[in-house]
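Chains as they are written, first to last, in my numbering: chain L, 10 to 362; chain X, 10 to 362. Positions of the beta carbon are idealized from the N, C-alpha and C atoms, including for glycine. What follows is a single structure, written as structure tokens, with notes after it.
Number of protein chains: 2
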Amino acid sequence: MTELSPPEAERKTLRNNVEGRPARANATIYDIAKLAGVNPSTVSRALSKPGRVSVGTRRLIEDAAAELNYQANPFAKALPTGKTSTIGLIVTDVANPTFFGTIRGTEFTAADHDYSVILAESGESARKEQSAAQRMLASVDGLILASPRMEDDRIRELAQEKPVIVVNRDVEGITCVVPDVEKGLGEAVRHLAGHGHRKITFIAGPDASWMSARRWQGVRQASEWCRIEAVKLDSDSPTIKGGRAAARMIVDAGASAVIAYNDLLAIGLLQELQAAAYAIPDQISIVGFDDIFGADLTTPGLTTVRAPMETCGMEAAGLLLKALKSPEKSPFVHYIDTELVVRGSTGKFLGST
Amino acid sequence: MTELSPPEAERKTLRNNVEGRPARANATIYDIAKLAGVNPSTVSRALSKPGRVSVGTRRLIEDAAAELNYQANPFAKALPTGKTSTIGLIVTDVANPTFFGTIRGTEFTAADHDYSVILAESGESARKEQSAAQRMLASVDGLILASPRMEDDRIRELAQEKPVIVVNRDVEGITCVVPDVEKGLGEAVRHLAGHGHRKITFIAGPDASWMSARRWQGVRQASEWCRIEAVKLDSDSPTIKGGRAAARMIVDAGASAVIAYNDLLAIGLLQELQAAAYAIPDQISIVGFDDIFGADLTTPGLTTVRAPMETCGMEAAGLLLKALKSPEKSPFVHYIDTELVVRGSTGKFLGST
DNA sequence: TTGTAGGCGTTATCAG
DNA sequence: CTGATAACGCCTACAA
């Protein structure tokens, strides 16, 4: 099933080397040096800081490198310099659609700058998150923490070792990228108020989530401004299941309009309510948050506050890269605008039962 | 802007936190050696192959390591050994829900074995994919290619350098993990046939996609077996948009039942058809493939063939790790069962118009 | 069982 | 501008 005959000769040809050496292992600067007739250190220089070498030898070296199909060993490179050309990204849940955008954005701008991203998942656990971060620390130039669950102090400790960018949360002393919930939530509340709703129910996410607290605050403020009432209800988990479970609470609370901590919750709510023959939005209006993939797949489509996570990911990676170049900018919070996306799950309240 | 005063003394203090210091710069085996009063090489041994060292010194060393909060430098470790404890994962599109499962499964079992995964995206381009693979090659122990777009030969070339596992495609000579479309598709076709459909239209994915070809083949075979007709139609892109665009074709083709290359296509189709006032499934039955997140969010829910991608990811990572331990198992294709998930988008054909 | 001495592939610091 | 030569942190024969 595998090859039988000795590909010996063939191999030798493949690894075209000065003397037919086992060019197997990637060529090194020594090989190049030999081929170009210069000193290895000159090769290193020519390759890393061209300009500090004469044009002649430079071409010579570049040609040799090309011929040998040279590929610098990233580990050897990282050893003396400490720079790994890698950034670490930790998300709480790889399978949570919220993070797809973040992952993608990060990957995108990282690749764009010839950086690799190594990905880890914390599974919503502060402990796992921290150990993942710790493990990563040694092999990356910097870290992006998406919706971190660990304490502020831990994050600051990390940031003392390597540059850290936090997404989706505001940590004092750390540069953060966070969707500016106020704008979108303001739009949402006004939208609801404009449709005659006098009271808004907010379904919160996990207690540990900074974002949840922030969103609730946003809802409350906007409600105050609009002179309508706002109450908070807790959920088990920020998932579709959690949303379904929360449905009864909502009904019991006599809500006519609810804003959920996230789309998953909102979708679960929508499903359960519909299953119980409630008319959406006629009897209850539902607003989600995030505008994840699938938010427009429900019937009616989910009205939601869009948080452009891909932009956040790109922004975060960009900031991190910048921090790697010029150290120690004073940290700041970078806000990304959110906006209301109106679909079918919200409308005028047409009475109960 | 850098430090002014001689950090000499300070540094000394910072390191070796015997006195409760921060232990700033990572400790090395030298530090441990000093603290434990042994030779660095002994430390190395004690840490990597305990058992080749006396219990006494071992404890001594482990304690010292713990105290210094020692963390081996992965790069220094990788240099002499060549092992990186990292596996590379390349997907065509990070934002495509199909891959979420793969990513997650891979990350999961990798982390479980103390491996990191570094992620790259090819953007559907064989060229970008190959360059990504090439770049990665140097920094990983092995590679997982999810739905690769590059040619078989290129993949085999890669596999000659480092172990490679392919997901979602069958490449001769390479260990692959592929959903066994036959079973699920067979169920789907029988399901449709059982509902009176005599002709099935398959909407294909990208030409370059091995999977698309395979699925079409599966549909054709099952149709033959069921004695019904099967025709193939091409799509622009395997996305919701592509699905919407294909709607007219479908109608023109007079299809009563369609099986789409993937769920995205199916959802797009569903949306567009509904927008044109077609009744689903009364006038047209729609079957997707993958059972991505969101497939059950549509109304009616999408009947689809579920491909358990998370399992595939775990399987792939597992196989790769195994290949890393014991080299050169003969490659084989590992099939993962697919199954039909019946939801609301399929049913009896109730006549046209 | 433990210490000695090289080496892994690059970069960086000096001289020349 | 270029060539020696010493790190970088760890591994591994080989010797003691």
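Quick one: Cα of L:R113 to Cα of X:V103, how far? Counting from one through the first sequence, the residue named residue 113 of chain L turns up at place 104. Counting from one through the second sequence, the residue named residue 103 of chain X turns up at place 94. Rounded to whole angstroms, L:R113 to X:V103 spans 6 Å at the Cα level.
If distances are taken between C-alpha atoms only, which option among X:G60, X:A87, X:G252, X:M220 comes closest to X:N177? The residue labelled residue 177 of chain X in the question sits at position 168 within the second sequence. It is X:M220 whose Cα lies nearest to the Cα of X:N177.
Please return the same chain residues whose Cβ sits closer than 6 Å to the Cβ of X:F211, not counting the five positions on each side in sequence. Looking up residue 211 of chain X in the second sequence gives position 202. Closer than 6 Å at the Cβ level, and outside the excluded window around X:F211, lie W225, V228, K241, I268.
Going by other Cβ atoms of all chains shown within 10 Å of its Cβ, with 16 needed for buried, is L:K338 buried or exposed? Indexing the first sequence from 1 puts residue 338 of chain L at position 329. That one is exposed.
To which residues of the same chain is L:E116 closer than 6 Å at the C-beta, ignoring the five residues directly before and after it? Along the first sequence, read from residue 1 onward, the residue named residue 116 of chain L stands at position 107. Correct list, in chain order: V126.
CA-CA distance, L:A202 and L:I295? The residue given as residue 202 of chain L occupies position 193 in the first sequence. The residue given as residue 295 of chain L occupies position 286 in the first sequence. Rounded to the nearest angstrom, the two C-alpha atoms are 13 Å apart.
Pick helix, strand or coil for X:P16, following the three-state DSSP scheme. As a working mapping, residue 16 of chain X is identified with position 7 in the second sequence. Caution applies to X:P16, whose pLDDT of 35 falls short of 50 and renders its modelled position unreliable; the value that the coordinates give is listed next. X:P16 falls in the coil class under three-state DSSP.
Euclidean distance between Cα positions of L:Q139 and L:A255: Taking the first residue of the first sequence as position 1, residue 139 of chain L is located at position 130. Taking the first residue of the first sequence as position 1, residue 255 of chain L is located at position 246. The alpha-carbon atoms of L:Q139 and L:A255 are separated by roughly 31 Å.
Quick check on the DSSP output: the beta strand (DSSP E) that includes X:R315 runs from which residue to which? Translated into the one-based positions of the second sequence, residue 315 of chain X becomes position 306. Its beta strand (DSSP E) spans residues 312-315.
Note the first and the last residue of the continuous beta strand (DSSP E) segment covering X:L98. Position 89 of the second sequence, counted from the start, is the residue given in the question as residue 98 of chain X. Unbroken beta strand (DSSP E) run through X:L98: 95-100.
Proximal chain X residues relative to L:L126, where beta-carbon distance stays under 9 Å: Within the first sequence, numbered from 1, the residue matching residue 126 of chain L stands at position 117. The amino acid at residue 126 of chain L is misidentified as Leu; the sequence shows Val. Correct list: I127, L128, A129.
Rounding to the nearest angstrom, what Cα-Cα distance links L:G182 and X:A285 in this structure? Taking the first sequence and counting its residues from 1, one reaches residue 182 of chain L at position 173. Taking the second sequence and counting its residues from 1, one reaches residue 285 of chain X at position 276. So the two alpha carbons sit approximately 54 Å from each other.
Is the beta carbon of X:A275 less than 8 Å from the beta carbon of X:T313? Within the second sequence, numbered from 1, the residue matching residue 275 of chain X stands at position 266. Within the second sequence, numbered from 1, the residue matching residue 313 of chain X stands at position 304. In contact: X:A275 and X:T313 (Cβ atoms closer than 8 Å).
Would you kindly report the start and end of the unbroken beta strand (DSSP E) that includes X:A129? Along the second sequence, one-based indexing puts residue 129 of chain X at 120. Counting along the chain, the beta strand (DSSP E) containing X:A129 begins and ends at 125-130.
Are the CB atoms of L:D150 and L:K58 within a distance shorter than 8 Å? Residue 58 of chain L sits at position 49 when you count from the first residue of the first sequence. Residue 150 of chain L sits at position 141 when you count from the first residue of the first sequence. Against a cut-off of 8 Å, the Cβ pair of L:D150 and L:K58 comes out as no contact.
Identify the residues that DSSP records as bridge partners of X:G151: which are they? The sequence position of residue 151 of chain X within the second sequence is 142, counting from 1. In the DSSP output, where bridge partners are listed per residue, X:G151 has X:I96.
Note down, in chain order, every chain L residue with its Cβ under 8 Å from the Cβ of X:I307. Counting from one through the second sequence, the residue named residue 307 of chain X turns up at place 298. It is worth fixing the name first, because residue 307 of chain X is Thr in this sequence and not Ile. Per Cβ cutoff of 8 Å: L306, T307, T308.
Using the beta-carbon count (16 or more within 10 Å), is L:R253 buried or exposed? Position 244 of the first sequence, counted from the first residue, corresponds to residue 253 of chain L. It counts as buried.
Is L:L330 closer than 8 Å to L:H200 when the C-beta atoms are compared? Taking the first sequence and counting its residues from 1, one reaches residue 200 of chain L at position 191. Taking the first sequence and counting its residues from 1, one reaches residue 330 of chain L at position 321. The answer is no: Cβ separation not under 8 Å.
Beta-bridge pairing of X:R238 - partner residues as DSSP gives them: Translated into the one-based positions of the second sequence, residue 238 of chain X becomes position 229. Before going further, note that residue 238 of chain X is Glu rather than Arg in the sequence given. Its beta-bridge partners are X:K208.
How many Å lie between X:W234 and L:I153 at the Cα? Numbered from its first residue, the second sequence carries residue 234 of chain X at position 225. Numbered from its first residue, the first sequence carries residue 153 of chain L at position 144. So the alpha carbons of these two residues sit roughly 53 Å apart.
Within 8 Å of any Cβ in chain X, is that where the Cβ of L:A255 sits? Here residue 255 of chain L corresponds to residue number 246 of the first sequence, with the count starting at 1. By this cut-off, L:A255 is not an interface position.
Euclidean distance between Cα positions of L:Q365 and L:I289: This structure gives no information on residue 365 of chain L, because the portion of chain L shown stretches from 10 to 362.
Of all Cβ atoms in chain X, is any one closer than 8 Å to the Cβ of L:V103? In the first sequence, the residue the question calls residue 103 of chain L occupies position 94. Yes, L:V103 lies at the interface with chain X (some Cβ there is under 8 Å from its Cβ).
Against chain L: residues of the region 140-163 of chain X by CB proximity under 8 Å: A141, Q143, R144, M145, L146, A147, S148
Give the list of continuous alpha helix (DSSP H) stretches no shorter than 4 residues that lie fully inside the region 163-238 of chain L. 190-203, 219-235
Beta-carbon proximity check, L:S131 vs X:P83, cutoff 8 Å: Working through the first sequence from its first residue, we reach residue 131 of chain L at position 122. Working through the second sequence from its first residue, we reach residue 83 of chain X at position 74. No. Outside cutoff.
Quick test of your reading: L:A316 and L:D305, contact by CB under 8 Å. State the CB separation rounded to the nearest angstrom. As a position in the first sequence, residue 316 of chain L is number 307, starting the count at 1. As a position in the first sequence, residue 305 of chain L is number 296, starting the count at 1. Actually they do not touch by this definition, with Cβ atoms about 15 Å apart.
Would you kindly work out how many angstroms separate the C-alpha atoms of X:I237 and X:C185, rounded to a whole number? As a first step, residue 237 of chain X is located in the second sequence; it is residue number 228 there, counting from the start. As a first step, residue 185 of chain X is located in the second sequence; it is residue number 176 there, counting from the start. Looking at the two C-alpha atoms, the distance is approximately 32 Å.
What would DSSP say about X:V351, mapped onto helix, strand or coil? As a first step, residue 351 of chain X must be located in the second sequence, where it is residue number 342. Looking at X:V351 - three-state DSSP - the assignment turns out to be coil, as it is neither helix nor strand.
Give the residues from the region 81-100 of chain X that approach chain L closer than 8 Å (Cβ to any Cβ), ordered along the chain. A81, N82, P83, F84, A85, A87, L88, T93, T95
Report the rounded CA-to-CA distance for X:N26 versus L:A168, giving the unit in angstroms. One-based indexing of the second sequence puts residue 26 of chain X at position 17. One-based indexing of the first sequence puts residue 168 of chain L at position 159. Confidence is the limiting factor: at X:N26 the pLDDT is only 34, short of 50, which leaves the residue's position unreliable, though a coordinate-based value still follows. Spanning the two alpha carbons is a distance of roughly 20 Å.
Which bits of chain L does X:A120 rub up against, with CB to CB less than 8 Å? Within the second sequence, residue 120 of chain X is the residue found at index 111, counting from 1. Those are A129, E130, A141, listed as they occur along chain L.
With X:Y344 as the anchor, note down where its beta strand (DSSP E) starts and where it stops. By 1-based counting over the second sequence, the position of residue 344 of chain X is 335. X:Y344 -> beta strand (DSSP E) spans 342-346.
Alpha carbon to alpha carbon, how far is X:T347 from L:R30? Give it in angstroms, no decimals. Your numbering for residue 30 of chain L matches position 21 in the first sequence. Your numbering for residue 347 of chain X matches position 338 in the second sequence. Reliability of the predicted coordinates at L:R30 is poor, the pLDDT of 33 falling under 50, and the value obtained from them is presented with this limitation in mind. Going from the Cα of L:R30 to the Cα of X:T347 covers about 48 Å.
Which of the three DSSP states is assigned to L:V267 in this structure? Taking the first sequence and counting its residues from 1, the one referred to as residue 267 of chain L is at position 258. Strand.
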